[in-house]
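Residue numbers (the numbering used here), protein chains in the order written: chain X, 1 to 319; chain L, 320 to 487; chain B, 488 to 911.
Quick notes on the structure that follows.
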Amino acid sequence: MMNRNPQLDENGVLQHLLTTEGLPASVLLHILDTAESFVGVTERDVKKIPLLRGKSIFNLFFEPSTRTRTTFEIAAKRLSADVINLNIAVSAQSKGEALLDTVNNLSAMNADMFVVRHAQSGAAHLIARHVRSDIHVINAGDGSHAHPTQALLDMFTIRRHKQDFHNLRVAIIGDILHSRVARSQIHALTTLGVPEVRVIAPKTLLPKMVERLGVHVYHDMAKGLKDIDVLMMLRLQNERMQGANLPSPEEYFKYYGLTPEKLSLARRDAIVMHPGPMNRGVEIDSAVADGKQSVILSQVTFGIAVRMAVMSILAGNQA
Amino acid sequence: MQLPDAETLFKSLAKKIQSDCDKDFVLVGIHTGGVWLAERLHQELAITQPLGTLDVSFYRDDFDKIGLHSKVKRSEIPFEVEGAHIILVDDVLYTGRTIRAAINELFDYGRPACIRLATLVDRSGRELPIAAQYTGVELQLPADKMLELKREANGKLSLNLYDKSLAE
Amino acid sequence: MKIHIKNGRLIDPKHGVDAVQDIFIAKGKVVAIGEAPKEFQASRVIDARSLIVCPGFVDLSVRLREPGFEYKATLESEMGAAVAGGITSFACPPDTDPPLDEPGLVEMLKHRAKSLNQAHVYPIGALTQGLNGERLTEMAELNDAGCVVFGQSDGLLSNLRVLMQAMRYASTFGFSVWLRPQEISLTSDGVAHDGEVATRLGLPTVPVCAETIALANIILLTKETGVRVHLCRISSAEGLAMVRVAKHQGLPISCDVTINHLHLSDMDIGFFDSNCHLMPPLRGFSDRDALRQGVLDGTIDAICSDHAPVDEDAKLLPFGQSEIGATGVELLLPLTLKWGMEMRLPMLKVLAKITSDPAQILGIDAGHIAVGSAADICIFDPDHYWKVTSTAILSQGKNTPFMGMELPGGIKYTLVNGQIVYER
């Protein structure tokens with residue numbers, strides 16, 4: 001019972017979006033294709049459509065993140081849903097209310113969808129397993145586990161710039177160990193048929209047996225970036241300097257920070273991505289972040305369309 | 320049941336539009352059959368303004384029942400809707416719900432001067448106060464049948480009748 | 488009460504007995520095996536045809552949650568569950584609240600347990616005060632109060648000097664020290680084995696070297712201090728190999744494994760099943776296979792349930808925040824039988840791991856059936872399969888990775904001191 005993919009119902013219909021792992025390529029492509037139509041909507045004067053009129057979407061953020069919450073909020077509002085933001089990090093949880101009690105209380109307020117962000121891996125799975133069956137759950141980031149909408153918007157951006165996934169070499173660079181974004185990117189890339197996915201990081205920022213996820217491991221940027229079409233940078237959090245993961249931001253930047261010189265080692269038409277917020281001068285040089293190979297701003301734009309697509313597909317899939 | 324020939328209907332529809340419309344109008348086809356028709360009309364009537372296309376999936380009123388299963392296409396309105404004279408083109412006019420959705424969507428692009436409706440077939444069964452200004456033919460069809468426009472590889476249009484249960 | 492158990496297949500690993508023999512019990516003791524004593528008038532005859540009659544089981548780790556955690560379980564509920572699992576003697580770890588570091592607490596526990604008249608309870612005394620690894624407890628006093636051995640439970644020791652002195656002090660009085668090998672500085676917030684599953688799920692890890700490094704320290708300190716050491720809950724193939732070497736060198740070391748680690752691996756975590764949040768963490772397939780082999784070849788001396796009833800709310804949390812542990816007393820026999828069947832072992836050898844062998848580690852006269860000894864006996868049907876459900880389990884803890892599974896071994900009777908304390 002615990003081993004059925006909790007995102008899909010018995011008929012293989014998507015009920016929750018918790019991770020990109022284990023989803024068939026057809027489901028991922030359906031989301032990307034639907035997002036294409038929403039890009040059209042976001043470019044109009046009236047950016048709102050009536051699709052989710054009368055639906056209530058709760059943003060449950062157990063871990064503060066204004067940025068991610070805002071993109072989900074905009075997406076929901078453009079679909080005409082009612083959005084309720086709950087920053088639970090500073091309300092119920094501090095009073096000791098259990099996670100599932102919070103969820104049950106909100107379910108009783110006729111919620112249709114929960115967008116969940118939590119510092120613990122597996123929190124969104126837990127909620128999805130225990131909510132009323134007509135409520136859909138979107139994982140907006142759980143611990144170091146998954147951040148599927150970020151990965152999907154990255155896939156959307158790659159497809160926009162490179163058209164096809166089947167002839168690409170993609171490198172994910174940085175703190176793979178703690179990154180939910182990296183894990184979701186790896187699963188999405190391999191599912192969509194990218195033949196070569198590399199991870200580049202010092203050994204202290206790589207989880208054990210990461211190659212089992214279907215990636216090639218590099219510790220050297222010069223070797224790892226050769227022939228690369230897409231560079232996916234990861235955010236390096238300052239707290240990684242504690243806990244003996246890294247000696248200093250300066251040394252990290254020198255060996256793993258993306259500078260124009262290092263970027264020149266990749267293919268000439270390579271694109272550079274970053275999930276944001278960026279630490280300029282730590283994982284990425286400003287000259288690259290703002291350079292002509294950077295597609296970081298279009299990632300942000302597409303993020304809304306992709307989240308609109310995920311919300312509408314889930315809302316339309318009755319349990 | 321003998322269905323009328325779609326190519327003949329198309330010619331008569333084109334003629335009706337041509338004889339009636341003198342103003343500078345634009346065409347908007349509704350996916351998928353309506354777009355095929357609009358493309359043909361665009362050519363036949365030698366319209367200079369670009370063609371618009373609508374996928375009304377995001378405006379449908381049965382989203383709660385059927386969701387977003389089929390592949391949604393992107394709506395393309397490559398002209399200023401504000402003040403435009405629009406002829407909306409669809410293959411079959413039935414309940415009127417698709418047209419309602421299309422009109423709603425058009426208004427999210429701007430306020431047109433007028434919208435007229437052209438359909439190849441007007442079958443009875445309207446559920447909304449919607450009527451076509453130009454039609455190829457009016458047909459009485461049983462409620463359990465579904466009428467669909469098809470386009471062959473050479474571009475030739477034809478009408479097909481299905482059992483609704485088989486179409487699901 | 489005089490009891491005659493007839494027609495049963497008597498299996499007594501300590502004495503190598505596996506034969507259909509009757510047992511006669513009077514005044515709480517076994518008075519005869521085979522032939523009835525003269526003028527024996529049974530007040531109760533138990534027909535054990537097609538059942539196995541064996542010593543009551545000895546479990547090296549059963550948490551009763553008293554004092555301090557009565558909302559998880561009570562002495563009554565867990566003592567009842569233990570005998571329903573055929574367990575007649577068990578050791579309970581000192582990780583109560585407050586910990587078992589004062590004679591008064593131990594006496595109270597012994598007294599409360601005794602008044603329930605069920606299984607024999609052997610409290611493990613805390614090795615350090617408050618289990619916080621700084622000051623030694625009054626071990627001799629605690630021994631007088633009823634502690635037979637001393638341990639740290641999951642309160643891992645960070646200071647090697649304290650550990651060495653504790654081992655030395657215990658050896659002065661001939662007490663055994665029970666330690667779970669896990670280096671604390673390599674544990675931090677880890678909740679899962681450092682392998683593919685944790686990598687996929689993004690869970691913080693406890694690497695195998697946390698176990699092996701702690702083992703190396705303990706083994707060297709065993710040599711240094713000469714104390715008898717029991718290693719609790721071995722989890723890795725590498726750790727097991729070190730124990731094997733240490734035993735070959737003749738060090739006074741024994742070790743156990745839990746029923747969970749004998750059957751499961753980190754793969755069983757699936758989609759964050761908090762029932763699989765155990766400590767040490769469930770490790771890889773090859774580790775599990777090595778443990779199964781290790782029990783067979785005797786490197787691992789005993790199988791324990793590591794019974795830890797957890798209230799439901801504490802498991803309904805994200806994996807890393809959920810409470811560690813699984814209920815186990817009622818699964819000790821079924822999962823030991825399952826291991827024995829899968830390894831194709833004779834019943835005599837299988838049952839030794841939960842009777843005579845753990846009794847020897849605990850240093851108690853139990854886990855065997857002999858004329859003149861206390862009649863602590865379990866009678867079970869090896870061919871009865873039952874489904875693990877929250878109603879089938881009597882323990883207040885309903886949390887186990889085996890929930891919903893069909894397992895062999897139905898307990899029919901449990902006798903402690905010649906009294907029937909459980910029957911169905």
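Think of the CB as a built atom: it goes at the ideal place given N, C-alpha and C, for glycine as much as any other residue.
On a predicted model such as this, the values are computed, not experimentally measured, just so you know.
State yes or no: is the C-beta of residue 295/X within less than 9 Å of the C-beta of residue 157/X? yes
Go through its chain and collect everything with a Cβ distance to residue 469/L's Cβ below 6 Å, but skip five positions before and after it. 477, 479
Report all residues from its chain with a CB closer than 8 Å to the CB of residue 347/L; omit the five preceding and five following residues, and keep chain order. 357, 370, 371, 372, 373, 396, 405, 406, 407, 408, 421, 425
Terminal residues of the beta strand (DSSP E) in which residue 273/X lies: 271 to 273
Could you tell me whether the Cβ of residue 768/B comes closer than 9 Å to any Cβ of chain X? no
Within 10 angstroms of the Cβ of residue 488/L, are there 16 or more other Cβ atoms? Answer buried if so, exposed if not. Since the first residue shown for chain L is 320 and the last is 487, residue 488/L is missing from the structure and cannot be characterised.
Step through the CB atoms of chain X and report whether any lies within less than 9 Å of the CB of residue 521/B. no
Between the region 48 to 65 of chain X and chain B, which residues of the former have a C-beta closer than 8 Å to a C-beta of the latter? none
Residue 239/X touches chain B at which residues, Cβ-Cβ below 7 Å? Those do not exist, as residue 239/X stays about 13 Å from chain B at its closest Cβ, beyond 7 Å.
What residues from the region 774 to 806 of chain B come within 7 Å of chain X, judged by C-beta to C-beta, listed N to C? 800, 803, 804, 805, 806
Which value, in whole angstroms, describes the spacing of the CA atoms of residue 102/X and residue 693/B? 31 Å
Tell me where the beta strand (DSSP E) around residue 869/B begins and ends. 864 to 874
Counting contacts by CB-CB distance shorter than 9 Å, is residue 686/B in contact with chain X? yes
Nearest chain X C-beta to residue 415/L closer than 9 Å, yes or no? no
Could you spell out where the beta strand (DSSP E) holding residue 906/B opens and where it closes? 906 to 910
Residues near residue 415/L by beta carbon distance below 8 Å, same chain, minus five either side: 445, 446, 447, 448, 449
Which word fits residue 46/X, buried or exposed, when buried means at least 16 other C-beta atoms lie within 10 angstroms of its C-beta? exposed
From what residue to what residue does the alpha helix (DSSP H) around residue 567/B run? 562 to 571
Presumed contact (8 Å Cβ cut-off) between residue 323/X and residue 293/X, rounded CB distance: The structure shown does not extend to residue 323/X, since chain X is modelled only from 1 through 319, so no value can be given for it.
Using the three-state DSSP reduction, which class does residue 49/X fall into: helix, strand or coil? coil
Burial state of residue 713/B, where buried means 16 or more other Cβ atoms lie within 10 Å: exposed
Length of the line joining the Cα atoms of residue 715/B and residue 612/B: 15 Å
I'd like the span of the alpha helix (DSSP H) that includes residue 825/B, first residue to last. 819 to 829
Whole angstroms are fine: how far does the CA of residue 641/B sit from the CA of residue 768/B? 13 Å
Beta-ladder partner(s) of residue 438/L, from DSSP: 409/L, 454/L
Between the C-alpha atoms of residue 836/B and residue 859/B, what's the straight-line distance to the nearest angstrom? 24 Å
If we cut at 9 Å on Cβ distances, does residue 726/B have a partner in chain X? no
Presumed contact (8 Å Cβ cut-off) between residue 104/X and residue 86/X, rounded CB distance: Between residue 86/X and residue 104/X the Cβ distance is about 14 Å, and since that is not below 8 Å, they are no contact.
Beta carbon of residue 644/B nearer than 9 Å to that of residue 657/B: no
Classify residue 297/X: buried if its beta carbon has 16 or more other beta carbons within 10 angstroms, exposed otherwise. exposed
Check the Cβ-Cβ distances between residue 419/L and every residue of chain X, and say whether any is below 9 Å. no
Could you tell me which residues DSSP pairs with residue 218/X in its beta bridges? 200/X
Neighbour flag for residue 812/B against chain X, beta carbons, 9 Å: no
Three-state secondary structure (DSSP) of residue 832/B: coil
Note down, in chain order, every chain X residue with its Cβ under 7 Å from the Cβ of residue 387/L. 34, 312, 313, 316
Going by the DSSP bridge assignment, what does residue 813/B pair with across the sheet? 794/B
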